[in-house]
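K.L.:
Residue numbers (full-length UniProt numbering): 1 to 364.
Yeah, the Cβ is synthetic: ideal placement off N, Cα and C, and Gly gets one too.
Values in this document were obtained by computation on a predicted structure and should not be read as measured data.
I'd like to ask some things about the structure below.
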Amino acid sequence: MRELYPEIEPLETGMLDVGDGQHIYWEVSGNREGKPVVFLHGGPGAGTSPAHRRLFDPERYRIVLFDQRGCGLSIPHASEPEADLSSNTTWHLIADLERLRAHLGIHRWQVFGGSWGSALALAYAETHPERVTELVLRGIFTLRRAELDWFYEGGASAIYPDLWEDFLDPIPYGDRAHLIEAYGRLLDDPNPSVHQPAAIAWSRWESSTITLLPQAETIARFTSPEYATAFARIENHYFRHGGWWDEGQLIRDADRLRAIPAVIVQGRYDLCTPMMTAWDLHTAWPEAQFIAVPDAGHAFDEPGILDALITATDRFAEFGPDPADAGGPKAAGPATVAPAPDSRHDQGTPSVEADGADGTSEQA
Numbered sequence: 001m002r003e004l005y006p007e008i009e010p011l012e013t014g015m016l017d018v019g020d021g022q023h024i025y026w027e028v029s030g031n032r033e034g035k036p037v038v039f040l041h042g043g044p045g046a047g048t049s050p051a052h053r054r055l056f057d058p059e060r061y062r063i064v065l066f067d068q069r070g071c072g073l074s075i076p077h078a079s080e081p082e083a084d085l086s087s088n089t090t091w092h093l094i095a096d097l098e099r100l101r102a103h104l105g106i107h108r109w110q111v112f113g114g115s116w117g118s119a120l121a122l123a124y125a126e127t128h129p130e131r132v133t134e135l136v137l138r139g140i141f142t143l144r145r146a147e148l149d150w151f152y153e154g155g156a157s158a159i160y161p162d163l164w165e166d167f168l169d170p171i172p173y174g175d176r177a178h179l180i181e182a183y184g185r186l187l188d189d190p191n192p193s194v195h196q197p198a199a200i201a202w203s204r205w206e207s208s209t210i211t212l213l214p215q216a217e218t219i220a221r222f223t224s225p226e227y228a229t230a231f232a233r234i235e236n237h238y239f240r241h242g243g244w245w246d247e248g249q250l251i252r253d254a255d256r257l258r259a260i261p262a263v264i265v266q267g268r269y270d271l272c273t274p275m276m277t278a279w280d281l282h283t284a285w286p287e288a289q290f291i292a293v294p295d296a297g298h299a300f301d302e303p304g305i306l307d308a309l310i311t312a313t314d315r316f317a318e319f320g321p322d323p324a325d326a327g328g329p330k331a332a333g334p335a336t337v338a339p340a341p342d343s344r345h346d347q348g349t350p351s352v353e354a355d356g357a358d359g360t361s362e363q364a
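Written out as structure tokens, the structure is:
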């Protein structure tokens with residue numbers, strides 16, 4: 001079984017001004033002249049961690065991590081009730097990725113994403129396939145209505161009825177018909193006595209179910225007030241808007257990915273992002289290698305999942321960097337930023353632009 005690579009420190013870090021009053025934290029580690037890869041964390045709202053650097057061979061990869069808007073070390077942080085989430089959408093994150101790519105002088109890069117990170121990776125690659133050398137995806141999540149209903153509207157309660165009772169607890173009995181919306185009303189309340197218990201309950205439900213066996217350390221981290229508030233606010237914001245793309249769009253548009261080498265890794269007993277979504281993606285995109293891990297849930301660090309992920313990144317490392325990226329960073333030209341959703345929809349093009357903050361377990 002493959003294990004994480006040894007701990008490493010960043011070669012460089014920075015804060016990138018991406019507009020809208022937002023500054024995103026980024027870092028580069030590994031080999032400055034190596035194959036570029038960008039890691040997309042989960043949530044949305046979970047942030048990156050040092051453990052995520054260790055998914056890649058530091059001798060062969062130039063490893064890029066960044067915290068998406070509102071979380072991790074990016075500012076403003078969504079744990080602040082006054083932090084405005086209106087400029088935090090999938091479209092904005094895709095534009096941020098392009099700005100970061102250009103800022104770092106990268107022509108094309110491998111894209112690695114698990115859980116929500118898999119959704120963002122698919123959306124980015126379907127929008128900018130010319131910028132992606134390979135895709136490594138885990139715990140596939142595409143925000144279809146059935147996926148959200150399974151985990152947040154009662155489906156998973158059949159497996160965890162005891163934990164589901166705790167998830168329901170902040171919501172008045174008469175307001176439980178649409179739980180994502182009901183939670184949104186509590187999380188939008190500026191009063192900490194209202195939004196904080198809701199955020200902790202939301203985060204406890206997720207952190208208790210993302211591994212095959214619950215991990216006390218993961219639950220404690222997810223339910224710390226600052227982390228829980230940012231995490232729950234951002235997730236709920238995205239889920240209420242369905243990711244700002246059409247129902248089923250990420251799987252529908254998978255044909256745009258056919259020329260990109262890819263691996264899909266899915267835990268068979270993933271209760272957070274059940275295997276059906278990964279299977280639907282595999283059916284729509286059979287060129288991608290599909291790996292079902294028989295004894296795993298959702299987290300990237302469960303042994304079978306971790307083994308498959310590192311095997312994939314090692315294999316793709318053999319491909320080397322794009323010739324335009326050989327020899328390290330250089331001027332890559334301006335970022336190509338997608339137009340606003342309305343104009344993009346009018347043009348008939350795609351209207352798109354879940355990992356633990358200490359690196360132990362990822363979520364949707």
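How is the beta strand (DSSP E) around Tyr-173 delimited, first residue to last?
P.N.:
Where Tyr-173 is concerned, there is no enclosing beta strand (DSSP E), given that its DSSP letter is neither H nor E.
K.L.:
Is the region 72 to 86 touching the region 97 to 115, taking contact as three or more C-beta pairs under 8 Å?
P.N.:
Judged by Cβ distances under 8 Å, the region 72 to 86 makes no contact with the region 97 to 115, as fewer than three pairs qualify.
K.L.:
Since Trp-202 and Ala-232 are thought to touch, with beta carbons under 8 Å apart, how far apart are those beta carbons, to the nearest angstrom?
P.N.:
Indeed, because the Cβ distance is near 4 Å, the residues count as touching under 8 Å.
K.L.:
Output the boundary residues of the beta strand (DSSP E) element that contains Gln-22.
P.N.:
Its beta strand (DSSP E) spans residues 22 to 30.
K.L.:
Along the chain, where does the beta strand (DSSP E) containing Ala-259 start, and where does it finish?
P.N.:
No beta strand (DSSP E) contains Ala-259, which DSSP labels as neither H nor E.
K.L.:
On the DSSP bridge assignment, give the partners of Met-15 in chain order.
P.N.:
Bridge partners of Met-15: Tyr-25.
K.L.:
DSSP beta-bridge partners for Gly-267?
P.N.:
Val-293.
K.L.:
Our contact map puts Thr-90 next to Gly-243 with C-beta atoms below 8 Å; I'd like the distance itself, whole angstroms only.
P.N.:
Indeed, because the Cβ distance is near 5 Å, the residues count as touching under 8 Å.
K.L.:
With a threshold of 8 Å on Cβ separation, who are the neighbours of Trp-150 within its own chain once the five nearest residues in sequence on each side are excluded?
P.N.:
Within the same chain, Trp-150 has close Cβ partners Ala-156 and Pro-274.
K.L.:
Going by C-alpha distance, which of Leu-4, Gly-139 and Ala-230 is nearest Gly-267?
P.N.:
Out of Leu-4, Gly-139 and Ala-230, Gly-139 has the C-alpha closest to the C-alpha of Gly-267.
K.L.:
Quick check on DSSP: helix, strand or coil for Tyr-238?
P.N.:
Note: Tyr-238 maps to helix in three-state DSSP.
K.L.:
Just curious, the beta strand (DSSP E) that Ile-63 is in, first and last residue?
P.N.:
Here the beta strand (DSSP E) through Ile-63 covers 61 to 66.
K.L.:
So is Asp-86 buried or exposed if we call it buried at 16+ other beta carbons inside 10 Å?
P.N.:
It is worth fixing the name first, because residue 86 is Ser in this sequence and not Asp. Exposed, since its Cβ has fewer than 16 Cβ neighbours within 10 Å.
K.L.:
According to the Cβ coordinates, are Leu-212 and Tyr-269 closer than 8 Å?
P.N.:
Yes. Within cutoff.
K.L.:
Suppose the cutoff is 7 Å on Cβ atoms and the five residues either side in sequence are ignored; what does the same chain contact list for Ala-332 look like?
P.N.:
Any reading at Ala-332 must be qualified, since the residue scores a pLDDT of 46, below 50, and its modelled position is unreliable; the value itself is stated next. Contacts found: Arg-101, Ala-102, Gly-105, Ile-106 and His-107.
K.L.:
Find the nearest neighbour of Arg-2 within the set Ile-200, Thr-283, Tyr-227 and Asp-301, judged by alpha-carbon distance.
P.N.:
Comparing Cα positions, the closest option is Asp-301.
K.L.:
Among residues of its own chain, excluding the 5 on either side of Ser-208, which ones have a beta-carbon nearer than 8 Å to its beta-carbon?
P.N.:
Contacts found: Tyr-160, Leu-163, Pro-214 and Ile-219.
K.L.:
How many angstroms separate the CA atom of Pro-329 from the CA atom of Pro-170?
P.N.:
The alpha-carbon atoms of Pro-329 and Pro-170 are separated by roughly 50 Å.
K.L.:
So, does the CB of Leu-306 fall closer than 8 Å to a CB anywhere in chain D?
P.N.:
Absent from the structure: chain D. Only one protein chain is present.
K.L.:
Relative to the C-alpha of Ser-224, which residue among Pro-197, Ile-210 and His-237 is closest?
P.N.:
Closest option to Ser-224, Cα to Cα, is Pro-197.
K.L.:
Roughly how many whole angstroms lie between the Cα atoms of Ile-310 and Phe-56?
P.N.:
Cα to Cα, Ile-310 sits roughly 7 Å from Phe-56.
K.L.:
In the DSSP assignment, find the beta strand (DSSP E) that holds Pro-303 and state where it starts and stops.
P.N.:
No beta strand (DSSP E) contains Pro-303, which is instead part of the alpha helix (DSSP H) from 303 to 317.
K.L.:
Should Phe-319 be labelled buried (16 or more other beta-carbon atoms within 10 Å of its own) or exposed?
P.N.:
By the 10 Å Cβ count, Phe-319 comes out exposed.
K.L.:
With C-beta atoms as the reference, is Trp-26 less than 8 Å away from Ala-123?
P.N.:
No, Cβ-Cβ distance for Trp-26 and Ala-123 is not below 8 Å.
K.L.:
Could you name each continuous beta strand (DSSP E) segment of 3 residues or more that falls completely within the region 110 to 189, going from the start of the chain to the end?
P.N.:
If we require 3 residues or more, the beta strand (DSSP E) runs fully inside the region 110 to 189 come out as 132 to 138.
K.L.:
With 16 as the cutoff for other CB atoms within 10 Å, does Pro-44 come out buried or exposed?
P.N.:
Classification for Pro-44: buried.
K.L.:
Can you tell me whether DSSP reads Pro-197 as helix, strand or coil?
P.N.:
Here Pro-197 sits in helix by DSSP.
K.L.:
Would you mind sorting Asp-255 into buried or exposed? The rule is 16 or more other CB atoms within 10 Å of its CB.
P.N.:
Label assigned to Asp-255: exposed.
K.L.:
Tell me whether Glu-7 is buried or exposed, calling it buried when 16 or more other Cβ atoms sit within 10 Å of its Cβ.
P.N.:
By the 10 Å Cβ count, Glu-7 comes out exposed.
K.L.:
Per DSSP, what kind of secondary structure is Phe-222 in: helix, strand or coil?
P.N.:
Helix, per DSSP.
K.L.:
Please report the residue range of the beta strand (DSSP E) in which Leu-40 lies.
P.N.:
Leu-40 -> beta strand (DSSP E) spans 35 to 40.
K.L.:
Note down the Cα distance separating Leu-306 from Arg-176, rounded to an integer number of angstroms.
P.N.:
Approximately 37 Å, taken between the alpha carbons.
K.L.:
Who does Ile-75 pair with in a DSSP beta bridge?
P.N.:
Bridge partners of Ile-75: His-23.
K.L.:
So what does DSSP say about Ala-230, is it helix, strand or coil?
P.N.:
Helix.
K.L.:
Between Ile-75 and the rest of its own chain, which residues show a CB-CB distance below 6 Å, the 5 nearest in sequence each way excluded?
P.N.:
Excluding sequence neighbours, Ile-75 sits near His-23.
K.L.:
With a Cβ-Cβ cutoff of 8 Å, do Pro-36 and Val-18 count as a contact?
P.N.:
In this structure, Val-18 does not lie closer than 8 Å to Pro-36 by Cβ.
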